[in-house]
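In the numbering used here, the protein residues as written are 154 to 409. Presented below is the structure to which this report refers.
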């Protein structure tokens, strides 16, 4: 009797040759042996760890292949929210330039004496500063008043600018009477002669420091203003022994 030997990974196929060999011609032992083989293959198929080389084809319309719409919407919303949060943080923290506006100079007191070759010049300065950032900043530096190339007065700045200051106006007072004796004589002579006015220079050296960040130098002020020796405040002529001085008040001059 011929018995087909099948591998463990193949489906057993039992042929009984019902047409070529009658069942009655098989012996009882052959039939029993074939029955045992069939039961043995069935037991191997029932083993949980048995593997198969067959592949299952799943149609594309199967619901297991499609993603959960709710999960997809959740992922997209999370990505959009994260992107918007990052854009907001960058918009708030990116540094913006801090700048100064046009400085206004007002002569508070102007007096001069040709006999003693002295003068006194007191100034009130208004300096607008623009801070477009969403955080405060520190403004440091100096404002200098010069007569030609000689410093007449200096004021130091160390101010905290509030956030979104558009603008913050700094009110300063300066004593611009610190010229050397050589330039003081020139001031007195020019005040005594027509047109009785003086030209002073206004310059700055400023830098701004963000509370989160490093310092950066600001655009500097380089302008001038005119002081009227007669109408800019108290004045005394060299031939006037009487000390009855006329106080006309301060005259504002925008720095050009």
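We treat Cβ as the ideally placed atom computed from N, Cα and C, and that holds for glycine.
Residue i - DSSP class collapsed to helix/strand/coil
i           : result
residue 309 : strand
residue 220 : coil
residue 233 : helix
residue 371 : coil
residue 250 : coil
residue 288 : coil
residue 187 : helix
residue 261 : strand
residue 277 : strand
residue 244 : helix
Short Cβ contact (7 Å threshold) for residue i with residue j
i           : j           : result
residue 376 : residue 355 : yes
residue 327 : residue 340 : no
residue 292 : residue 329 : no
residue 263 : residue 278 : no
residue 300 : residue 353 : yes
Euclidean distance between Cα positions of residue i and residue j
i           : j           : result
residue 280 : residue 350 : 23 Å
residue 363 : residue 244 : 15 Å
residue 261 : residue 337 : 19 Å
residue 374 : residue 345 : 30 Å
residue 310 : residue 332 : 21 Å
residue 306 : residue 378 : 14 Å
residue 289 : residue 370 : 16 Å
residue 222 : residue 230 : 12 Å
residue 232 : residue 241 : 14 Å
residue 186 : residue 224 : 58 Å
residue 235 : residue 226 : 14 Å
residue 372 : residue 220 : 58 Å
residue 189 : residue 207 : 26 Å
residue 209 : residue 215 : 13 Å
residue 312 : residue 368 : 14 Å
Beta-carbon separation (whole angstroms), residue i vs residue j, contact threshold 8 Å
i           : j           : result
residue 251 : residue 314 : 7 Å
residue 248 : residue 286 : 6 Å
residue 218 : residue 228 : Not quite, the Cβ-Cβ distance comes to about 18 Å (not below 8 Å), so this is no contact.
residue 104 : residue 282 : The question about residue 104 has no answer here: the residues shown for the chain are numbered 154 through 409.
residue 295 : residue 357 : 7 Å
residue 254 : residue 304 : So it is not a contact: roughly 24 Å between Cβ atoms.
May I have a chain-ordered list of the alpha helix (DSSP H) segments no shorter than 4 residues that lie completely inside the stretch 321-378?
-> 334-345
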